[in-house]
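Taken in order, the sequence shown gives residues 69 to 252; the numbers are from this note's numbering.
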Amino acid sequence: MSFSYCKTAPLSLVHSGYHENEYGFVVKDESLLFERLSLEIMQAGLSWETVLKKRKSLNLAFQNFDAHKVASFSEKDVARLLNDASIIRNKRKILAIIHNASVILNMREEVSGFYNWLVSHKNNSKNRQEEILLWTKLFKKTFHFTGAEIVSEFLMSTGIISGAHETWCPVYQRACEHNLKCQV
Numbered sequence: 069m070s071f072s073y074c075k076t077a078p079l080s081l082v083h084s085g086y087h088e089n090e091y092g093f094v095v096k097d098e099s100l101l102f103e104r105l106s107l108e109i110m111q112a113g114l115s116w117e118t119v120l121k122k123r124k125s126l127n128l129a130f131q132n133f134d135a136h137k138v139a140s141f142s143e144k145d146v147a148r149l150l151n152d153a154s155i156i157r158n159k160r161k162i163l164a165i166i167h168n169a170s171v172i173l174n175m176r177e178e179v180s181g182f183y184n185w186l187v188s189h190k191n192n193s194k195n196r197q198e199e200i201l202l203w204t205k206l207f208k209k210t211f212h213f214t215g216a217e218i219v220s221e222f223l224m225s226t227g228i229i230s231g232a233h234e235t236w237c238p239v240y241q242r243a244c245e246h247n248l249k250c251q252v
């Protein structure tokens, strides 16, 4: 029997709100997309519960994931973040997030933003593994600290690709309606 977020999340005070109101719903706002990518990066090697518990502190530490502000972080800011016990203190992850903010700023000029970049690269592969492989190659070429698990979870969590909710999950239909179609 495989793990089912749709079975376990509703039973948890930490996970239920995220599962029911955010996970799998299309996100177009740049700061929210940047936050979700950064949270997935922070999650690498840790539990999602740890990230959700530190989410508020991460938002404060990273200026609500305003790409312009984060891209201007200095070595002093990195030191501040590494000394902040309320967040996940991993230098490689922090530096990746700062770098990724600069990438997102460039996307504003090149394709009018992060969401437009995602939509412009959406592939319609029927093969899930091939789809994730193509996205992962693109993300690795574009961003830092983005392996297959980070990329697939980011894309599912923001409604870019299907798979966030199982079809029997009560949230599945709401996510489909929000996304204007069901992606089976």
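Where is the CB? At the ideal position from N, CA and C, for every residue including glycine. Bear in mind that the values here come from a model prediction, so they are computed numbers and not experimental data.
Excluding the 5 residues flanking residue i on each side, which residues of the same chain have their C-beta closer than 8 Å to its C-beta?
| i | result |
| --- | --- |
| Gly215 | Ala112, Thr204 and Lys208 |
| His136 | Ala169 and Leu173 |
| Glu68 | Outside the shown range of the chain, which is 69 to 252, sits residue 68, and nothing can be said about it. |
| Thr118 | Gln111 and Ile156 |
In chain order, what residues of the same chain have a beta carbon less than 7 Å from the beta carbon of residue i, not counting five sequence neighbours either side?
| i | result |
| --- | --- |
| Val138 | Phe130, Gln131, Ile165, Ile166 and Ala169 |
Please classify residue i: does DSSP put it in a helix, a strand, or coil?
| i | result |
| --- | --- |
| Lys190 | coil |
| Trp236 | coil |
| Ile155 | coil |
| Thr204 | helix |
| Val252 | Its pLDDT being 43, under 50, Val252 is placed unreliably by the model, and the measurement read from it follows with that caveat. Note: Val252 maps to coil in three-state DSSP. |
| Phe182 | helix |
| Met69 | Summary for Met69: the model assigns pLDDT 43, below 50, so the residue's position carries little reliability, and this model does not support an answer. |
| Thr210 | helix |
Using 7 Å as the threshold, is the C-beta distance between residue i and residue j below it?
| i | j | result |
| --- | --- | --- |
| Val82 | Leu120 | yes |
| Pro78 | Ser84 | yes |
| Phe222 | Leu105 | yes |
Find the nearest neighbour of residue i within the set the options, judged by alpha-carbon distance.
| i | options | result |
| --- | --- | --- |
| Glu143 | His136, Val187, Trp116 and Leu163 | Leu163 |
| Arg160 | Arg196, Ile109, Ala153 and Tyr86 | Ile109 |
| Leu100 | Ser80, Tyr183 and Asn158 | Tyr183 |
| Glu245 | Gly92, Cys74 and Glu177 | Gly92 |
Closer than 6 Å by C-beta to residue i: which residues in its own chain qualify, once you throw out the five before and the five after it? Chain order, please.
| i | result |
| --- | --- |
| Glu88 | Val239 |
Hey, which unbroken runs of the alpha helix (DSSP H) at 4 residues or more fall wholly within the region 75–136? Fully enclosed alpha helix (DSSP H) runs of 4 or longer: 84–89, 98–111 and 116–129.
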